[in-house]
């Protein structure tokens with residue numbers, strides 16, 4: 001039995017192993033490696049923040065050197081890179097560090113102003129190019145060749161879905177304040193309200209309540225374009241006429257945002273849009289919104305284009321949750337796109 005036990009190594013003395021020493025060394029190694037990785041991760045994040053800051057500030061510097069903001073290879077490249085950088089998705093910590101950076105804070109007002117002016121120049125340039133088309137078909141083809149045409153379609157689709165989530169019926173009369181010389185949103189919105197099956201299905205009354213309901217559902221959609229710039233209104237009106245049937249339903253007024261209803265009562269509109277470039281600061285936007293709301297009917301929807309994340313370097317972010325605005329507006333939907341669409345969408349109902 002002792003031999004068997006020995007063979008089976010049962011009851012035989014075992015060599016003591018100082019497990020504590022090895023375990024302690026392993027633990028220290030793991031902790032050290034974790035600290036190193038954490039430090040490297042922190043360094044990488046800080047490097048990313050600094051790279052983003054440099055990119056934004058340097059782009060602003062280069063833009064200031066340009067003799068004009070009309071479309072040209074240099075400005076196209078600068079703004080294209082800026083939009084790509086600001087459209088990147090980062091966690092809130094990185095975004096906050098970039099936006100709170102002193103250098104970024106210093107250039108933001110000027111950068112947004114440059115972006116606004118360059119966007120107007122781009123639209124006017126393309127409106128003139130499109131209007132040079134010799135036939136209606138060529139005009140349409142040139143319109144659809146606009147570099148950001150698909151983005152406008154995507155944004156309009158996003159906004160229509162947001163509007164339909166806040167109302168039981170599709171809008172038939174829409175006013176767009178700040179429509180610009182190339183009213184792509186208005187045109188895309190008009191097409192959606194006229195032709196989109198999902199939208200049209202919502203325009204039909206579910207019950208036979210009144211004749212008025214039937215008439216409202218069958219009414220051809222109208223989009224009123226409002227802009228303070230006479231050149232913008234003139235170009236967009238000519239474009240609408242050149243598009244033929246596609247432009248039917250487009251109407252135009254040259255007026256300030258706060259006095260748009262002097263020529264047309266905003267209370268007749270189901271939805272009023274406020275473009276991203278209407279008002280430079282939160283204070284400006286709030287003042288304009290309050291004036292516009294005062295001319296709208298109760299229950300109508302206000303659609304405001306905003307921004308989020310680093311995209312707020314391009315367009316100012318809009319806050320509807322202020323004490324003053326909440327007295328007049330009921331926020332319904334806020335959508336922040338994560339794709340190539342830059343603008344966020346806010347839909348609110350007039351109280």
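Residue numbers (our numbering): 1 to 351.
Just so it is clear, CB atoms sit at the ideal spot from N, CA and C, and this is done for glycine as well.
Note that the structure is predicted; figures quoted are calculated from it, not measured.
Taking just the CA atoms, how far does residue j sit from residue i?
i: residue 93; j: residue 101; result: 12 Å
i: residue 44; j: residue 318; result: 31 Å
i: residue 151; j: residue 95; result: 24 Å
i: residue 233; j: residue 223; result: 14 Å
i: residue 38; j: residue 32; result: 10 Å
i: residue 116; j: residue 279; result: 11 Å
i: residue 229; j: residue 70; result: 17 Å
i: residue 211; j: residue 107; result: At residue 211, the pLDDT of 49 sits below 50, so the modelled position is not reliable; the number obtained from the coordinates is stated separately. Residue 211 and residue 107: Cα-Cα distance of roughly 56 Å.
i: residue 129; j: residue 156; result: 23 Å
i: residue 183; j: residue 268; result: 21 Å
i: residue 127; j: residue 34; result: 58 Å
i: residue 49; j: residue 68; result: 30 Å
i: residue 194; j: residue 293; result: 26 Å
i: residue 119; j: residue 61; result: 18 Å
i: residue 105; j: residue 285; result: 19 Å
i: residue 343; j: residue 30; result: 45 Å
i: residue 271; j: residue 138; result: 32 Å
Which residues in the same chain as residue i place their Cβ atom closer than 8 Å to its Cβ, once the five residues preceding and following it in sequence are excluded?
i: residue 153; result: 188
i: residue 134; result: none
i: residue 103; result: 53 and 57
i: residue 192; result: 156, 157, 160 and 199
i: residue 136; result: 242, 243 and 244
i: residue 121; result: 68, 69, 70 and 71
i: residue 112; result: 280, 313, 314, 315 and 316
i: residue 80; result: none
Spell out the partners DSSP gives residue i in its beta bridges.
i: residue 346; result: 304 and 334
i: residue 150; result: For residue 150, which the question treats as bridged, DSSP gives no partner whatsoever.
i: residue 143; result: According to DSSP, which records beta bridges pairwise, residue 143 is partnered with nothing at all.
i: residue 252; result: 225
i: residue 329; result: 350
i: residue 273; result: 176 and 303
Do we get a CB-CB distance below 7 Å when we pair residue i with the residues of chain D?
i: residue 169; result: Of the protein chains in this structure there is only one, and it is not chain D.
Leaving aside the five residues before and after residue i along the sequence, list all residues of the same chain whose C-beta is less than 6 Å from its C-beta, in chain order.
i: residue 304; result: 274, 318 and 346
i: residue 331; result: 320 and 348
i: residue 46; result: none
i: residue 206; result: The predicted position of residue 206 is uncertain, since its pLDDT is 49 and thus under 50; a value taken from the coordinates is nonetheless stated next. None.
i: residue 291; result: 258
Quick one: residues in its chain with C-beta nearer than 7 Å to the C-beta of residue i, no 5 flanking neighbours on either side, listed in chain order?
i: residue 299; result: 349 and 350
i: residue 241; result: 247
List the whole-angstrom C-beta distance separating residue i from residue j, where the pair is believed to meet the contact cut-off of C-beta under 8 Å.
i: residue 236; j: residue 248; result: Not quite, the Cβ-Cβ distance comes to about 14 Å (not below 8 Å), so this is no contact.
i: residue 162; j: residue 333; result: 5 Å
i: residue 302; j: residue 178; result: Going by Cβ atoms, the distance from residue 302 to residue 178 rounds to 13 Å, so no, they are not a contact pair.
i: residue 219; j: residue 172; result: 5 Å
i: residue 78; j: residue 63; result: 6 Å
i: residue 231; j: residue 181; result: 7 Å
i: residue 190; j: residue 221; result: 6 Å
i: residue 289; j: residue 325; result: 7 Å
i: residue 131; j: residue 238; result: 6 Å
i: residue 282; j: residue 337; result: That belief does not hold up - the Cβ atoms of residue 282 and residue 337 are roughly 21 Å apart, past 8 Å.
For this session: Count the C-beta pairs between the segment 82-90 and the segment 308-316 that are closer than 8 Å, then say yes if the count reaches three, no if not.
Result: yes
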